[in-house]
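Report on the following structure.
Residue numbers (the working numbering): 131 to 539.
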């Protein structure tokens, strides 16, 4: 298939299979990070930008580096600090040109010539850096004085430990269409995390064959041909409901997000978008709490969501607090059933640690006001067990004494 030639159905399906195989290979190198990989790939196909928010040590950099290595594209990454100079990202001045009175940066190998970029600690950038970056993100243009050039940027992935409180920085953050909150690997995946980390240190990271040049670009062009007419009314209805949570969706985001819906439909093997493809709307919201509210609020609208390629991100988009409460309740019941019979059992202390960790996870997910009634009873039982142990008042009640609620409210 030549460059610019429309993608026929067989070529498109073959490219989608390549994307799926690539995501499978990459997700095999990480634990519980499939959804992030998928969102970055979705951003690449839609030519939109992705913001990752999460504490240090959660693998944000490694995931971006892995997916960048797997795509035949020019890549640039930088860890921004408070004293980072614009020249460190955009290139220093060409001294030969300066002798002739011309201001011209040397952009080779720098951000203006990158197709994929990763900028860590993005919100520490100076005003000069962020203003130049805005031009690249919005217009794919870099300017310095009279010098101007087109940027081939497909997608910029940025990361930060937290969202900024400064309104000006929050306005800059709005340029990133997709926002994903990255948490540490959950307790039930710790063993898998340790095994994967140890294998990486001993064997090194397995090489993933690069996607052939042009595949992402061809899929982008095919995405632009997706018929969005069937979802316009449903999309507008969802936006109205999202606004009820207090979440701010700019007109720019509402319009651009149609590309995400079209890309989701494309990867689902369709030529027209359907209700199954509206789930990316969850990731437009740049607040962890409001994302959770949106998931619960849109349960009816997003219940049909599915995608054979983007399985992880679909699950994350529709897995709201109600589902999370049910999952925590199920985990608590399983843990209580696994309680060692005797306090003298060496595994008893291990079991207590798991109990304390689960209680901490419940408290991290829900405050006293938002805690669903069913999970409230489970939490009270966990707390009672720990108090009984710490006070030495005898054996804790058996798991059978706790009855799981029919459903988490």
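Every residue, glycine too, gets a C-beta built ideally from N, C-alpha and C.
Between the options, which has its C-alpha nearest residue i's C-alpha?
i, options, result
"residue 301", "169, 245, 381", "381"
"residue 310", "214, 172, 272", "172"
"residue 506", "480, 459, 348", "459"
"residue 370", "465, 431, 341, 449", "431"
"residue 442", "417, 473, 410, 467", "410"
"residue 151", "341, 488, 347, 471", "341"
"residue 192", "157, 294, 517, 223", "157"
"residue 503", "451, 187, 197, 368", "451"
"residue 256", "228, 318, 179, 210", "210"
"residue 262", "273, 252, 253", "273"
"residue 183", "203, 416, 159, 247", "416"
"residue 306", "203, 154, 141, 264", "264"
"residue 350", "281, 164, 140, 178", "178"
"residue 270", "213, 521, 282, 212", "282"
"residue 318", "231, 345, 162", "162"
"residue 479", "515, 461, 463", "515"
"residue 494", "372, 314, 321", "314"
"residue 414", "144, 377, 275", "377"
"residue 251", "201, 359, 320, 290", "290"
"residue 294", "418, 520, 512", "418"
"residue 354", "199, 325, 389, 482", "389"
"residue 368", "332, 140, 433, 329", "433"
"residue 280", "237, 449, 200, 366", "237"
"residue 520", "473, 435, 205", "473"
"residue 362", "348, 379, 387, 345", "387"
"residue 228", "277, 332, 316", "277"
Look at the Cβ atom of residue i, then the Cβ atom of residue j, and state whether they are nearer than 8 Å.
i, j, result
"residue 439", "residue 194", "no"
"residue 357", "residue 394", "no"
"residue 427", "residue 374", "yes"
"residue 391", "residue 407", "yes"
"residue 234", "residue 304", "no"
"residue 167", "residue 284", "no"
"residue 352", "residue 142", "yes"
"residue 465", "residue 484", "yes"
"residue 188", "residue 312", "yes"
"residue 338", "residue 155", "yes"
"residue 207", "residue 253", "no"
"residue 170", "residue 287", "yes"
"residue 412", "residue 455", "no"
"residue 259", "residue 214", "yes"
"residue 308", "residue 405", "no"
"residue 462", "residue 508", "yes"
"residue 203", "residue 246", "yes"
"residue 457", "residue 489", "no"
"residue 322", "residue 159", "no"
From the DSSP output, which residues share a beta bridge with residue i?
i, result
"residue 181", "288, 309"
"residue 402", "357"
"residue 249", "208, 288"
"residue 278", "273"
"residue 235", "223"
"residue 341", "201"
For the alpha helix (DSSP H) holding residue i, just list the boundary residues, first then last.
i, result
"residue 220", "216–220"
"residue 265", "257–269"
"residue 457", "451–467"
"residue 437", "Unbroken run through residue 437: none, as it is neither H nor E."
"residue 297", "297–303"
"residue 99", "Residue 99 is absent from the structure shown; the chain starts at 131 and stops at 539."
"residue 382", "381–397"
"residue 409", "First-last for residue 409: undefined, no H or E at that position."
"residue 371", "362–373"
"residue 324", "320–333"
"residue 518", "503–521"
"residue 195", "190–199"
"residue 138", "Element bounds for residue 138: n/a, residue is neither H nor E."
"residue 424", "418–427"
"residue 171", "164–176"
Which residues mark the beginning and the end of the beta strand (DSSP E) in which residue i is found?
i, result
"residue 207", "205–209"
Could one say the Cβ of residue i lies closer than 8 Å to chain C's Cβ atoms, at least one of them?
i, result
"residue 467", "Reference to chain C is not applicable here, since this structure consists of a single protein chain."
Please confirm if the stretch 420–433 is in contact with the stretch 392–403, defined as three or more CB-CB distances below 8 Å between the two stretches. no
Give a yes or no on contact between the stretch 239–246 and the stretch 208–221, applying the rule of three or more CB pairs nearer than 8 Å. yes
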